[in-house]
Amino acid sequence: MTPLPPAPPPSNPSVTKSMKGNKSENTTPELKLRAELRRRGHPGYRVHWRKAPGRPDVCYPGRKVAVFVNGCFWHRCPICRPSSPKTHREYWDAKFDRNVERDREKAEELRKSGWKVVTVWECEIDGDLHATATRVIVELDNE
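Our numbering puts the first residue of the sequence shown at 28, with every later residue one more than the last.
Following this line, the structure appears as structure tokens:
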């Protein structure tokens, strides 16, 4: 993976606080999807399971189905296409490119190991949680 250029200095303390508040696990979209899967009769998943390549956000080991719940901004959603920061473009472009490449590598590693991979975007969960959960359940039922 290409190394990132040095991180730019924070523009003010509130930006620093905001960036530190971004979680990588148990985010609101993840919690919503997991609750909907349980509500619709699909419990039994593992969360951030270390034994699965790439540590999927939600995985069903017996069925070999891995679900990644991606935040639109950090993972560069192809659906809502979020804007990029206007300052320090070199840093942010490199960071986003690395995130997208890492996502691609994790999904490929899972597929090579025989897993089905489902990527769910934050905007899909916010837009239509029922339809998004249905897409995951279809993959589970096809096993």
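Just so it is clear, CB atoms sit at the ideal spot from N, CA and C, and this is done for glycine as well. Since we're looking at a predicted model, the values are computed, not measured.
- Here V74 is not near V147, since their CB atoms are 8 angstroms or more apart.
- Contact fails between the segment 56-70 and the segment 110-124, because fewer than three Cβ pairs, one in each stretch, are under 8 angstroms apart.
- Annotation: the continuous alpha helix (DSSP H) that includes C99 extends over 99-102.
- If only uninterrupted beta strand (DSSP E) runs of at least 3 residues are considered, those enclosed by the segment 68-116 are 85-87, 92-97.
- Separation of the CB atoms of L60 and I152 is rounded to 6 angstroms, and the pair is thereby assigned contact status at 8 angstroms.
- For the options R162, W142, L156, E63, the alpha carbon positioned closest to that of A79 is the one of W142.
- When rounded, the separation of the alpha-carbon atoms in P32 and D124 is 12 angstroms.
- An exposed status is given to D155, since fewer than 16 other beta-carbon atoms sit within 10 Å of its beta-carbon.
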